[in-house]
Amino acid sequence: MLWQPAVRRSTMATGRDFVDHVIEQSGLAARLSARSMFGEYALYLDETLVGYCADNSLYAKYVPQTAAVLEGLPRQPLYPGSKPHALLDELLDEPQRLRELLLALHARLPPPVPRAASRGQRGARGPRR
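Note that my numbering has the sequence shown beginning at 219, numbered continuously upward.
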């Protein structure tokens, strides 16, 4: 018997046009970027992860630091078994509110940790002599 997931979700990944719409609505095009992640997208404001686009819906990163800002917004998991995140779809029709919320999230989240250079970038045996 073939394995089947316990909960069926849409098999359609988030479209780039939806992500572009989110970025446009935010009014933060110069600072907000998206990176593809397993058919979905992670949203970064000035290199800080602030949310996700999954199943053509917009989610905000829900952690203790952001709970107060996201109070009153519906929460649901990005995928079965994941932690619930705040669903921001209703804010796509309110660009000013969306922008303010993304900026507030960014202000409360820690800056990204610089990644160490991988072995391939610095050379496996060190510099040549």
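In this text, a Cβ means the ideal position worked out from N, Cα and C, and glycines have one as well. Here the structure is a predicted model, which means the values were calculated and not measured.
Are residue i and residue j touching if we call contact CB-CB under 8 Å?
i: S244; j: R315; result: no
i: L321; j: T284; result: no
i: L276; j: L263; result: no
i: A260; j: A248; result: no
i: L310; j: V240; result: yes
Based on the DSSP output, what are the partners of residue i in its beta bridges?
i: H239; result: DSSP lists no partner for H239.
Alpha carbon to alpha carbon, what distance is there between residue j and residue i?
i: E289; j: R234; result: 28 Å
i: E312; j: A335; result: 41 Å
i: P330; j: A231; result: 26 Å
i: P302; j: Y280; result: 7 Å
i: N274; j: H324; result: 22 Å
i: V237; j: L291; result: 20 Å
i: E308; j: R333; result: 35 Å
i: V268; j: P298; result: 21 Å
i: S254; j: E265; result: 14 Å
i: R293; j: P282; result: 14 Å
i: F256; j: E242; result: 23 Å
Which residue's Cα is closest to the Cα of residue i: the options?
i: C271; options: Q283, E265, Y262 and E258; result: E258
i: R304; options: L296, A278, E242 and V331; result: The residue you asked about is not Arg; residue 304 is Ala in the sequence shown. For A304, the nearest C-alpha among the options comes from A278.
i: A286; options: Q294, V240, L319 and I241; result: L319
Please find out if some non-hydrogen atom of the ligand MG comes closer than 7 Å to the beta-carbon of residue i.
i: P332; result: For the ligand MG, the structure offers nothing, since it holds no ligand at all.
Query - Uninterrupted beta strand (DSSP E) stretches inside the segment 239-308 (no shorter than 3 residues) - result: If we require 3 residues or more, the beta strand (DSSP E) runs fully inside the segment 239-308 come out as 250-255, 258-263, 266-272, 275-278, 293-295 and 302-305.
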